[in-house]
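Numbering (this note's numbering), first residue to last: 368 to 526.
Report on the structure given below.
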């Protein structure tokens with residue numbers, strides 16, 4: 368199976384939107400706090416500005432979440448597991464991976480890769496959680512990742 372295209376795992380559209388709205392909600396709280404502070408110590412913003420203080424950050428967060436979500440993911444190929452996100456990238460060659468399992472971390476179930484050095488790496492995708500973070504295909508994706516790891520660790524891909 369030489370030259371097979373790598374398997375790619377990315378956050379779902381629902382997860383991307385949820386992450387963006389979460390960031391937008393944090394921005395909306397910050398902008399509303401600023402608006403309330405200004406209103407307490409002087410003349411407050413006009414009525415339409417309050418709507419802009421809420422909707423602006425929410426929309427900006429949704430767009431930022433979509434852009435970041437498309438750059439975040441995991442690529443599994445012949446060389447190993449490569450992770451990428453907006454801020455960092457990493458690679459774990461198959462020779463260093465000793466275990467791969469789904470684990471509960473906070474409110475999410477994520478995939479962790481354990482290396483021969485004793486370190487563990489949490490993959491950016493796939494993951495599953497509540498509401499917008501739910502991934503109905505999570506178990507299938509974990510099974511596919513586990514199968515790819517076992518195939519490389521114990522004798523190559525079947526062909």
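Glycine included, C-beta positions come from ideal geometry on N, C-alpha and C.
Return the CA-CA distance between residue 430 and residue 456, expressed in angstroms with no decimal places. 22 Å
Can you name, in chain order, every residue of its own chain whose Cβ lies under 6 Å from the Cβ of residue 377, other than the five neighbours on each side? 440 and 492
Per DSSP, which residues does residue 439 bridge with? Please list them. Note: residue 439 sits in no beta bridge, so no partner.
If I measure Cβ to Cβ from residue 487 and keep anything under 6 Å in the same chain, skipping five residues before and after, which residues do I get? 479 and 481
Hey, is the segment 424-438 in contact with the segment 392-400, meaning 3+ C-beta pairs nearer than 8 Å? yes
Can you grab the Cα-Cα spacing for the pair residue 435 / residue 383, in whole Å? 8 Å
Tell me whether residue 476 sits in a helix, a strand or coil according to DSSP, three-state version. strand
What would DSSP say about residue 368, mapped onto helix, strand or coil? At residue 368 the pLDDT is 43, less than 50, meaning the model places this residue with poor confidence; the figure from the coordinates comes in the next sentence. DSSP places residue 368 in coil when its eight states are reduced to three.
Can you tell me whether DSSP reads residue 381 as helix, strand or coil? helix
8 Å CB neighbourhood of residue 521 in its chain, flanking five on each side removed: none
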